[in-house]
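Numbering (full-length UniProt numbering), first residue to last: 1 to 93.
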C-alpha cells in the first residue's frame, strides 16, 4: 500500500472514532466515549499526529475515570479535538 493511501486510511479511522466518541457522549454513554477517545489517541500516536494526541488526551481527562460522570468542559474538549482534526485538512473525496 502506498504511504499516502495508508495515511489517508489512518486519518479516516481517527475521524470515524472521533465521530463515534461524540455520538456516544450525546447518547450519554460516557464509557463508550472514553473507549473511542483512547482509540483516537492510540491511532494518532502511532501516526505521529501530536496535536491530535494532545487534544484526545484532554478529552479523555475531561471525561474522567470509567463509570463516572464527565467533568466540566468535556464538550469543549471534544470541539477542540474536532478543530485539531480539521486543521489536518483531511478531505475524504
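The beta-carbon is built from N, C-alpha and C at its ideal position, and this holds for glycine as well.
Whose CA, out of the options, lies closest to the CA of residue i?
{"i": "residue 78", "options": "66, 64, 58", "result": "58"}
{"i": "residue 33", "options": "26, 21, 74", "result": "21"}
{"i": "residue 38", "options": "28, 26, 62", "result": "62"}
{"i": "residue 55", "options": "80, 3, 1", "result": "80"}
{"i": "residue 74", "options": "26, 9, 12", "result": "26"}
{"i": "residue 18", "options": "60, 69, 3, 1", "result": "60"}
{"i": "residue 14", "options": "53, 24, 2", "result": "53"}
{"i": "residue 89", "options": "8, 43, 64", "result": "8"}
{"i": "residue 40", "options": "6, 11, 3", "result": "11"}
{"i": "residue 6", "options": "64, 72, 65, 43", "result": "43"}
Since residue i is in the alpha helix (DSSP H), which residue starts that stretch and which ends it?
{"i": "residue 29", "result": "From DSSP, residue 29 is part of no alpha helix (DSSP H); its letter is neither H nor E."}
{"i": "residue 62", "result": "50 to 63"}
{"i": "residue 78", "result": "74 to 88"}
Can you round the beta-carbon distance between residue i and residue j to whole angstroms, since I take them to be within the 8 Å contact cut?
{"i": "residue 67", "j": "residue 31", "result": "7 Å"}
{"i": "residue 24", "j": "residue 36", "result": "6 Å"}
Quiz prompt | At least 3 beta-carbon pairs within less than 8 Å: the stretch 71 to 90 vs the stretch 46 to 56 | solution = These segments touch.
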